[in-house]
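Basically the working numbering = 1-based index in the sequence shown + 373.
Glycine is no exception: its CB is placed at the ideal position from the N, C-alpha and C atoms.
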Amino acid sequence: MTYKKLLLVSVLSLGLTACGGSIDRHELRGIVPSLTFAQLEPLPIMVETIDTNIDVKPYDHNAPMAHTPIDRAFASYVAQRFVKTGGAGTGTLKITLVDHQLVKTIMNTDAKLTSWTKLDQLTEYKASMRVNLSYNDGRGETFKTLTLSQQAEIQIPQRVSLAEREEMEQAFIEKLIAELDKQIVNELNTRLLIL
């Protein structure tokens, strides 16, 4: 490759990265693999049935982090993580995603010298979710229910590439659910007593 071609490719790449508006990031969904939570070992739950109530919405291209919505990530997590191992008459565990929220805010930093480029801006995400766990032994002797919540936030510099941004956003959602997982495992073990 000649020097002029290399320079032209470099300038075009820099222009596309700096513009941001010329690439519809939602058209590129799928470049970062979906969260599967395959790294988590399946957790044996001593129940006959595991019911889930997770209202997974259609993809919304205008939503923050459209490539990794919390509801879809949580549904993948539940499908991978929980395995029923109880026999007949051992009851039902119901897992409900009560609500979730993801708020995106663009923030300026204190770097006045580069403020006109908007490359010093930060994208702040605040995420929260509430999950209800209920256990019914099926014999009318035991019914326990509890609600867990988890919050997280992250700031991502505007200057990172699209691929880096999507990786950071996905890691953020994965961490949010991983922290919730710690609570769930503890409650299944200590309060619901079905682990």
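Next on the checklist: Less than 6 Å between C-beta atoms, sequence neighbours within five positions excluded: which residues of the same chain meet that for Q556?
Outcome noted: What you label residue 556 is simply residue 183 of the sequence shown in a count that begins at 1. L521, listed in sequence order.
Checklist entry - In the DSSP assignment, what are the bridge partners of H473? => result In the sequence shown, the residue the question calls residue 473 occupies position 100. Bridge partners of H473: M502.
Item to check | 8 Å Cβ shell around D433 - same chain, five flanking residues per side excluded | outcome: Sequence index remark: in the sequence shown, residue 433 carries index 60 (1-based). In chain order, A439, P442 place their CB closer than 8 Å to the CB of D433, counting only its own chain and leaving out the 5 sequence neighbours on each side.
Next on the checklist: So, for A461: in the same chain, excluding its five sequence neighbours on each side, which residues have a beta-carbon less than 7 Å away from its beta-carbon?
Outcome noted: Here residue 461 refers to the residue found at position 88 of the sequence shown. Hits under 7 Å: E421.
Checklist entry - Taking DSSP as the reference, what is the three-state secondary structure of F410? => result Counted from its first residue, the sequence shown places residue 410 at position 37. Correct three-state label for F410: coil.
Next on the checklist: Looking at the strands, I want to know which residues DSSP matches up with E526.
Outcome noted: Here residue 526 is taken as the residue at index 153 of the sequence shown, counted from 1. The partner list for E526 (beta bridge, DSSP) reads K499.
Checklist entry - Are the CB atoms of Q453 and L413 nearer to each other than 7 Å? => result Here residue 453 corresponds to residue number 80 of the sequence shown, with the count starting at 1. Here residue 413 corresponds to residue number 40 of the sequence shown, with the count starting at 1. Yes, they are a contact pair.
Checklist entry - Exposed or buried, what is F516 when buried is set at 16 or more other beta-carbons lying within 10 Å of its beta-carbon? => result For the purposes of this step, residue 516 is taken as the residue at position 143 of the sequence shown. Per the 10 Å Cβ criterion, exposed.
Item to check | D424: first and last residue of the uninterrupted beta strand (DSSP E) it sits in | outcome: Indexing the sequence shown from 1 puts residue 424 at position 51. Residues 422-426.
Checklist entry - Hey, how far is the Cα of D472 from the Cα of T463? => result Position 99 of the sequence shown, counting from 1, holds the residue named residue 472. Position 90 of the sequence shown, counting from 1, holds the residue named residue 463. Spanning the two alpha carbons is a distance of roughly 28 Å.
Checklist entry - Alpha carbon to alpha carbon, what distance is there between R445 and K430? => result Indexing the sequence shown from 1 puts residue 430 at position 57. Indexing the sequence shown from 1 puts residue 445 at position 72. Answer to the nearest angstrom: the Cα atoms are 8 Å apart.
Next on the checklist: Considering only their Cβ atoms, is the gap separating R538 from I529 smaller than 7 Å?
Outcome noted: As a first step, residue 529 is located in the sequence shown; it is residue number 156 there, counting from the start. As a first step, residue 538 is located in the sequence shown; it is residue number 165 there, counting from the start. Result yes, Cβ atoms of I529 and R538 sit closer than 7 Å.
Checklist entry - Would the C-beta of A452 count as close to the ligand FMN, meaning under 6 Å from any of its heavy atoms? => result In the structure on display, the ligand FMN does not appear, and there are no ligands present to speak of.
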